[in-house]
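Per this note's numbering: the sequence shown = residues 760 to 1237. Don't be surprised by glycine CBs; every beta carbon is placed ideally from N, CA and C. Just so you know, these numbers come straight off a predicted model, no measurement behind them.
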Amino acid sequence: MISPGDMALRHDIQRLADAGIIKGPVTTWPLAWGPIIADIREAETGDALPRDVMDAIDRVTRRANWETQTNEVTFDARASVAEKPTRIRSFQNTPRESAEISGGVSYTSDWLAISLHGQAVDGLSHGVATNAPKGGTAIRNDNSMVGVILGNYSISANTLDRWWGPGWDGSLIFSSNARPMPAISIDRNFTDPFKTKWLSWLGPWDVSMHFAKMERDRFVPNTRIFAMRVTFKPFPSLELGLSRIAQWCGNGRPCELSTFGKLFTGRDNRGQAGVTLENEPGNQESGFDARWSTQIFSKPVALYGQYIGEDESHRLPADMFGLFGIETSGIWRGHWSYRWFGEIAITISDFTKSENKVNNAYNHSIYRTGLRYRGRVIGHGIDNDSRVISTGLMLVNDEETQWNALFRFGALNRAGVPDERNSLTPTKQDIISLDISHSRVFKYGQIDVGLGFERIDDIASNDSSTETRAFLQWRSSY
């Protein structure tokens, strides 16, 4: 499996998808290596392909050859230090804590995959909101997995990060902003189209189901999570995704199979037949996303969007919030492959209407800690009632040297109504930030270094502050 976090690898995979090399959906992370390797092997390569596409094929092939070795034991290690880790996490795998050290061992066969990791961390994050819980214990097993292959599906017990959607700076429904939850997951491996003529028009498709458990230190301890995503490509240029995530069960809440049945079929709102405060099945978000790519002046350009509902009305998502973006990629100075994106995320419900619903997204009247895990929101890192515009640029060359830049500005918790549940700020803040990072491969692994600056204007207190942040990270596998 390919976990989210590697900007250069995602850039290369997306470039190959836009070029028609990779046929299946690529916006549900973790991704399976199988269909990517198969599509690259079947591709017709030659002088007709652009230089950046050929370079992407080489880099992805080298990475796949290493990570898909069968019947071999591999090891990896990572260490990082950070001064004020970023409080809004993008797709990039940056440190969550002040100091982290980890190691892991992996083994893959034709039907079994084992990846066991352990981390020791220091400087546990508390979030900004006063009620945000601590980031967890000092010893963790994040990014571990034990999985088996059954037919065209993998079933795994894991603590893997997830990223659902086409956004680069955030995902409204499931991102790697929060730490991964312990879970049982079912994922489709190969994305071949349906054989029947009734469904073959969907094109290559993928599905992922996720059953997770949240922490004890929350308003409803041991809340369960059910999440499901289906993606398909009816045309090579168009990828569509349908996602839903639900909180249910937990201490003091109904956990019967019939409760899950009502949750799964959408019969879980108070006021529906037999649903009361005492037996309400859970809290759900659902919606859809799309990414459409084309060529403009021989350059790949894509438009993407994500539209998620906090509530349900007549079996359809309601109280919507959205994310919209544009991106392009190409080659610069003959050997730098680049990707640029511009993105806006709006997490205030009913943002297109004259009257918005505040303190709504990621919150719930019963599950009052909301869709947050260990102090960070599971969806977009800007949390609820925010509007942030971001733009990013990434460069990578043949030697896998990388440069990344991310600029953001906007308003957090912009409704101004105090909300102590917000993981960033209980009242409105205007922010502007810039983060730059550099990665370089050398004999003993890979070094990542990052610098950031953020200005915060707190509207309630009329105070302004600036902070700088930095991190240094080393990674290696052997």
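Per the coordinates, the alpha-carbon of V840 lies some 13 Å from the alpha-carbon of N852. Counting along the chain, S1145 sits inside no beta strand (DSSP E), nor does DSSP assign it H or E at all. Sorting E1179, T867, E1159 by C-alpha distance to the C-alpha of E831 places T867 at the top. The C-beta distance from I1191 to G1209 rounds to 18 Å, too long to fall under 8 Å, and the pair is not in contact.
Rounded to whole angstroms, the gap between the alpha carbons of S1088 and D1157 is 16 Å. CA-to-CA, the gap between G783 and I1103 works out to about 26 Å.
Rounded to whole angstroms, the Cβ separation of R1074 and G1134 is 33 Å, and the two are not in contact under 8 Å. For W1099, the enclosing beta strand (DSSP E) has its first and last residue at 1095–1105. In this structure, A836 lies near S1235, with their beta-carbon atoms less than 8 Å apart. Counting along the chain, the unbroken alpha helix (DSSP H) around E801 starts and ends at 792–801. DSSP, read as helix, strand or coil, puts M813 in helix. Separation of the CB atoms of E1114 and F1100 is rounded to 31 Å, and the pair is thereby denied contact status at 8 Å.
A check of alpha carbon separations from P963 across T990, L871, P854 identifies T990 as the nearest. In this structure E1037 is exposed. Its beta-carbon is surrounded by fewer than 16 other beta-carbon atoms within 10 angstroms. A residue is called buried once 16 or more other Cβ atoms fall within 10 Å of its Cβ, and L1016, having fewer, is exposed.
Under the 10 Å beta carbon count, K1187 is surrounded by 16 or more other beta carbons and is classified as buried. In summary, V1176 is exposed, with fewer than 16 beta-carbon neighbours lying within 10 Å of its beta-carbon over all protein chains present. Per DSSP, I908 is one residue of the beta strand (DSSP E) stretching across 904–909. For H1197, there is no enclosing alpha helix (DSSP H); the enclosing beta strand (DSSP E) has its first and last residue at 1188–1201. By a beta-carbon distance limit of 8 Å, R1180 contacts G1129. Their separation comes to about 6 Å. Taking D920 as reference, the option from T1111, A1164, S762 with the minimal CA-CA separation is S762. The alpha-carbon of L958 is positioned some 41 Å away from that of G863. Rounded to the nearest angstrom, the gap between the Cα atoms of V785 and I772 is 8 Å. Each of L1082, I1107, Q1031 was checked against the Cα of W923, and the nearest Cα belongs to L1082.
V1060 has its alpha-carbon roughly 26 Å from the corresponding atom of V966.
A check of alpha carbon separations from N1221 across R1199, D1189, Y1203, I1206 identifies D1189 as the nearest. For T1225, the enclosing beta strand (DSSP E) stretches over residues 1222–1236.
Under a 10 Å Cβ-count criterion, N1143 is classified as buried, with 16 or more other Cβ atoms of the shown protein chains found around its own Cβ. Across the set I1148, R1228, R1131, the C-alpha of R1131 shows the shortest separation from the C-alpha of F933. DSSP places D1178 in the coil class of the three-state scheme, outside both helix and strand. In this structure, the CA atom of G779 is about 16 Å from the CA atom of D817. About 27 Å separates the beta carbon of A916 from that of D881, a gap too long to meet the 8 Å contact definition. In the three-state reduction of the DSSP assignment, F850 falls in the coil class.
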